[in-house]
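J.:
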Amino acid sequence: MKSLLNIQNSSAVILIALLSACSGKPENKSSQLEALKKEQVEITKKIEALQKEIEKENPDAAPKVKMKEINVVELAPRSFDHFVQTQGSIVAIDNIQMGAKTGGVVTHVYTREGEVISQGQTLAQIDNSLIVRNIDELKSNLELANTVYDRQKNLWDQKIGTEVQFLQAKTNKEGLERRLATLQEQNEMTKIKAPISGTVEAVNIKVGENVMPGLPVFRVINTNDLKASAKVSEAYITTIQKGNKATVVFSDLDKSINANVSFVGRNIDALTRSFPIEVKLPSASYLRPNMTAVLKIIFHTEPNALCVPVNVVQDINGQKIIYVAESDGKNLVARRKVVEIEGVYGNFAQVKSGLQAGDKVITVGYQGLNDGELVKN
Numbered sequence: 160m161k162s163l164l165n166i167q168n169s170s171a172v173i174l175i176a177l178l179s180a181c182s183g184k185p186e187n188k189s190s191q192l193e194a195l196k197k198e199q200v201e202i203t204k205k206i207e208a209l210q211k212e213i214e215k216e217n218p219d220a221a222p223k224v225k226m227k228e229i230n231v232v233e234l235a236p237r238s239f240d241h242f243v244q245t246q247g248s249i250v251a252i253d254n255i256q257m258g259a260k261t262g263g264v265v266t267h268v269y270t271r272e273g274e275v276i277s278q279g280q281t282l283a284q285i286d287n288s289l290i291v292r293n294i295d296e297l298k299s300n301l302e303l304a305n306t307v308y309d310r311q312k313n314l315w316d317q318k319i320g321t322e323v324q325f326l327q328a329k330t331n332k333e334g335l336e337r338r339l340a341t342l343q344e345q346n347e348m349t350k351i352k353a354p355i356s357g358t359v360e361a362v363n364i365k366v367g368e369n370v371m372p373g374l375p376v377f378r379v380i381n382t383n384d385l386k387a388s389a390k391v392s393e394a395y396i397t398t399i400q401k402g403n404k405a406t407v408v409f410s411d412l413d414k415s416i417n418a419n420v421s422f423v424g425r426n427i428d429a430l431t432r433s434f435p436i437e438v439k440l441p442s443a444s445y446l447r448p449n450m451t452a453v454l455k456i457i458f459h460t461e462p463n464a465l466c467v468p469v470n471v472v473q474d475i476n477g478q479k480i481i482y483v484a485e486s487d488g489k490n491l492v493a494r495r496k497v498v499e500i501e502g503v504y505g506n507f508a509q510v511k512s513g514l515q516a517g518d519k520v521i522t523v524g525y526q527g528l529n530d531g532e533l534v535k536n
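Taken in order, the sequence shown gives residues 160 to 536; the numbers are from my numbering.
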C-alpha cells in the first residue's frame, strides 16, 4: 500500500509541476511538457505493474467487472420453409342460386333459411292443379286406349279384322302415352327441388307470389365443400405448383388449417400482374363463405438451414447484426456478427452467411451489447 501512496504522491507532484510550468518562461514550456509526458508514461506503467502484483497476491482486491446476464442457443442445422404470403377469402365450391323452371303461383314453401337440406328435396311447389286434372283425364283416355289396343291386337293375331284398325289402336295408345309423359314432366317442373345437399342461405319467395322462370328464388350453399381463393404475384409463377403445402390462417379466430394447393391458374391478370390459386379446405364448423384469410404458400424447403429467432436480428446502420457469445479462455465475451438473412418464416429467420453451426447465439440480453463486452450465461 506504501507504494500506491508514493505513486499517488508522484502524480500530485506532476500536477504541481504542470501548474508551475504554465507560469514559467515561454521558451521552456515545450521542453517541460515533453519531460512531464515521459514521466507520466513511466508512472502509468509502474501503476499497471503494481496492480498486477497486488492481484496475484490478493485476487479479492481485483476490481469487479459487472457482467450482463444473457441466455444463449447453440446454432444447429434444421429444416426451414420459404413461403409467399397473400390475402384471400373462403369460397364455397357449391354456392347455387336456384330458379323456377316454370312460371306460376307459389302454393307451398317447404323450407326456411338455415335449414339443412338434401339433394333432390322439394323446397317449394308452384300451382299445378290444371296439369294434375289434365293428367287424370289423360290417364282415363289411356286406359280406354290400352283396352282397345289389346282387343285389336288379339283379333289381328287371329287374322280377324283389318291391319288399319290394329295400327289405329296402336297409334292412339302410343300418342296418349307420350302426352301423359309430357304432362308428368311439366308437373315435375312445378316442384322446385334442391340440386345439391347443403344449407338454405336465402328464401326469396312466399306463398301466393307469382314466380317467373329463371329468377332466383333460393340460395343453397354446401359449407362442407370449401376452398381458399387468392391471387399471387407473377414473380412466383414458376415456383408455386399444384400440391405445394399451404397454411391458411384465420387471424380473427386465432385458427389455422394446413392443406395443399389444389389449383394454380395459368393466366396473368393484365391489371394486377397476378395469377389465381386455390387451396381445398377440409370441413370445419367455424368456416364460412367470404371469410378473409391469409394464405402462406410454401415454395421451397431448405433441409439444413441455420435459423435464429427473428427477434435477435438487429438492424443497425443498414446492417443485420446478431450477437454471439464466445469464450476468451477465462470469460464469455459478446461478439458482434454481421449476417445476411435469406428469409423469414414464422418466428425464425434463415441466416445465409455470417454464422456457422455451433455458434452460441445470444437470445436474451442482446439489447445494448457492445462488441467485446463481458457477459454471463
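For every residue, glycine included, the Cβ atom is placed at its ideal position computed from N, Cα and C.
Rounded to a whole number of angstroms, what is the C-alpha to C-alpha distance between Asn305 and Arg338?
T.: As a position in the sequence shown, residue 305 is number 146, starting the count at 1. As a position in the sequence shown, residue 338 is number 179, starting the count at 1. Taking the straight line joining both Cα atoms gives about 14 Å.
J.: Would you tell me roughly how many angstroms separate the C-alpha atoms of Thr397 and Leu342, rounded to the nearest one?
T.: The residue given as residue 397 occupies position 238 in the sequence shown. The residue given as residue 342 occupies position 183 in the sequence shown. Rounded to the nearest angstrom, the two C-alpha atoms are 57 Å apart.
J.: Are Phe458 and Phe242 closer than 8 Å when you measure CB to CB?
T.: In the sequence shown, residue 458 corresponds to position 299, counting from 1. In the sequence shown, residue 242 corresponds to position 83, counting from 1. Taking 8 Å as the Cβ cut-off, Phe458 and Phe242 qualify as a contacting pair.
J.: Determine the DSSP secondary structure at Asp474, reduced to helix, strand or coil.
T.: Stepping through the sequence shown from its first residue, residue 474 is reached at position 315. If DSSP states are grouped into helix, strand and coil, Asp474 belongs with the strands.
J.: In the structure shown, what three-state DSSP assignment does Ala180 receive?
T.: Reading the sequence shown from its first residue, position 21 is the one you call residue 180. Note that Ala180 scores a pLDDT of 47, beneath 50, so its modelled location is shaky and nothing firm can be said.
J.: Do Ala452 and Phe422 have their C-beta atoms closer together than 8 Å?
T.: One-based indexing of the sequence shown puts residue 452 at position 293. One-based indexing of the sequence shown puts residue 422 at position 263. Not a contact, by the Cβ cut-off of 8 Å.
J.: What does a CB cutoff of less than 7 Å around Lys350 pick up in its chain, not counting 5 residues either side in sequence?
T.: The sequence position of residue 350 within the sequence shown is 191, counting from 1. For Lys350, where only same-chain residues beyond five positions count, the Cβ hits under 7 Å are Thr281, Gln284.
J.: Considering only the alpha carbon of each residue, which of Ala361, Phe434, Ser415 lies closest to Glu393?
T.: To locate residue 393, count along the sequence shown from 1; it is residue 234. With distances taken between Cα atoms, Glu393 lies closest to Phe434.
J.: How is Arg447 classed by DSSP in three states: helix, strand or coil?
T.: Position 288 of the sequence shown holds residue 447. Three-state DSSP puts Arg447 in coil, outside helix and strand.
J.: Per the DSSP calculation, Ile436 is bridged to which residue(s)?
T.: Counting from 1 along the sequence shown, the entry for residue 436 is found at position 277. Answer by DSSP bridge pairing, in chain order: Ala389, Val423.
J.: Output yes or no for whether 8 Å exceeds the beta carbon distance between Ile481 and Val469.
T.: In the sequence shown, the residue the question calls residue 481 occupies position 322. In the sequence shown, the residue the question calls residue 469 occupies position 310. No, Cβ-Cβ distance for Ile481 and Val469 is not below 8 Å.
J.: Is the CB-CB distance between Cys231 and Lys489 below 8 Å?
T.: Taking the first residue of the sequence shown as position 1, residue 231 is located at position 72. Taking the first residue of the sequence shown as position 1, residue 489 is located at position 330. Reading the sequence as shown, one finds Val at residue 231 and not Cys. Taking 8 Å as the Cβ cut-off, Val231 and Lys489 do not qualify as a contacting pair.
J.: If you draw a straight line from the alpha carbon of Gly367 to that of Leu385, how long is it in whole angstroms?
T.: As a position in the sequence shown, residue 367 is number 208, starting the count at 1. As a position in the sequence shown, residue 385 is number 226, starting the count at 1. Roughly 35 Å between the two C-alpha positions.
J.: Quick one: Cα of Pro354 to Cα of Ala251, how far?
T.: In the sequence shown, the residue the question calls residue 354 occupies position 195. In the sequence shown, the residue the question calls residue 251 occupies position 92. About 15 Å.
J.: Please classify Leu303: is it buried, with 16 or more other beta-carbons within 10 angstroms of its beta-carbon, or exposed?
T.: Counted from its first residue, the sequence shown places residue 303 at position 144. Leu303 is exposed by the Cβ-count criterion.
J.: Assuming Glu485 contacts Lys227 (C-beta within less than 8 Å), just tell me the rounded distance between them.
T.: Translated into positions along the sequence shown, residue 485 becomes position 326. Translated into positions along the sequence shown, residue 227 becomes position 68. Incorrect: roughly 15 Å between the Cβ atoms, too far for contact.
J.: Arg494: buried (16+ other C-beta within 10 angstroms of its C-beta) or exposed?
T.: Against the sequence shown, residue 494 aligns to sequence position 335. Buried: at least 16 other Cβ atoms inside 10 Å.
J.: DSSP beta-bridge partners for Ala283?
T.: The count along the sequence shown starts at 1 and reaches residue 283 at position 124. Note: Ala283 sits in a beta bridge opposite Val268, Ile351.
J.: For Asn529, count neighbouring Cβ atoms within 10 angstroms of its own Cβ and tell me buried if that reaches 16, exposed if not.
T.: Position 370 of the sequence shown holds residue 529. Exposed, because fewer than 16 other Cβ atoms sit within 10 Å of the Cβ of Asn529.
J.: Give a yes or no on whether the C-beta atoms belonging to Asn381 and Asp253 are separated by under 8 Å.
T.: The sequence position of residue 381 within the sequence shown is 222, counting from 1. The sequence position of residue 253 within the sequence shown is 94, counting from 1. Result yes, Cβ atoms of Asn381 and Asp253 sit closer than 8 Å.
J.: Identify every residue that forms a DSSP beta bridge with Ala194.
T.: For this step, residue 194 is matched to residue 35 along the sequence shown. Partner(s): none; Ala194 has no beta bridge.
J.: Among Val391, Val323, Gln278, Lys414, which one has its Cα closest to the Cα of Glu437?
T.: Taking the sequence shown and counting its residues from 1, the one referred to as residue 437 is at position 278. For the residues Val391, Val323, Gln278, Lys414, the minimum Cα distance to Glu437 belongs to Val391.
J.: Could you spell out where the beta strand (DSSP E) holding Gln311 opens and where it closes?
T.: The residue given as residue 311 occupies position 152 in the sequence shown. Note, Gln311: premise wrong, no beta strand (DSSP E); alpha helix (DSSP H) at 288–316.
J.: Which residues bound the beta strand (DSSP E) around Lys496?
T.: As a position in the sequence shown, residue 496 is number 337, starting the count at 1. Here the beta strand (DSSP E) through Lys496 covers 491–504.
J.: Between the alpha carbons of Lys211 and Lys496, how many angstroms are there, rounded?
T.: Within the sequence shown, residue 211 is the residue found at index 52, counting from 1. Within the sequence shown, residue 496 is the residue found at index 337, counting from 1. When rounded, the distance between both Cα atoms is 33 Å.
J.: Compute the Euclidean distance between the alpha carbons of Ser415 and Leu234, then round it to the nearest angstrom.
T.: Residue 415 sits at position 256 when you count from the first residue of the sequence shown. Residue 234 sits at position 75 when you count from the first residue of the sequence shown. Roughly 29 Å separates the two Cα atoms.
J.: So what's Ala405 in DSSP terms, helix, strand or just coil?
T.: Mapped onto the sequence shown, residue 405 falls at position 246. In the structure shown, Ala405 sits in a strand (DSSP, three-state: E or B).
J.: Can you find a C-beta in chain D that's less than 8 Å from the C-beta of Asp474?
T.: Chain labels in this structure do not include chain D; a single protein chain is all it has.
J.: By Cβ distance below 7 Å, which residues in the same chain neighbour Gln311 in space, the five residues on each side in sequence not counted?
T.: As a working mapping, residue 311 is identified with position 152 in the sequence shown. So the list reads Gly320, Gln324, Phe325, Ala328, once near-sequence residues are dropped.
J.: Assign Ile480 to one of three DSSP states: helix, strand, or coil.
T.: For the purposes of this step, residue 480 is taken as the residue at position 321 of the sequence shown. The answer is strand: DSSP assigns Ile480 an E or B state.
J.: Can you have a look at Met544 and say buried or exposed, based on whether 16 or more other CB atoms are within 10 angstroms of its CB?
T.: Nothing about residue 544 can be reported from this structure: the residues present for the chain run from 160 to 536 only.
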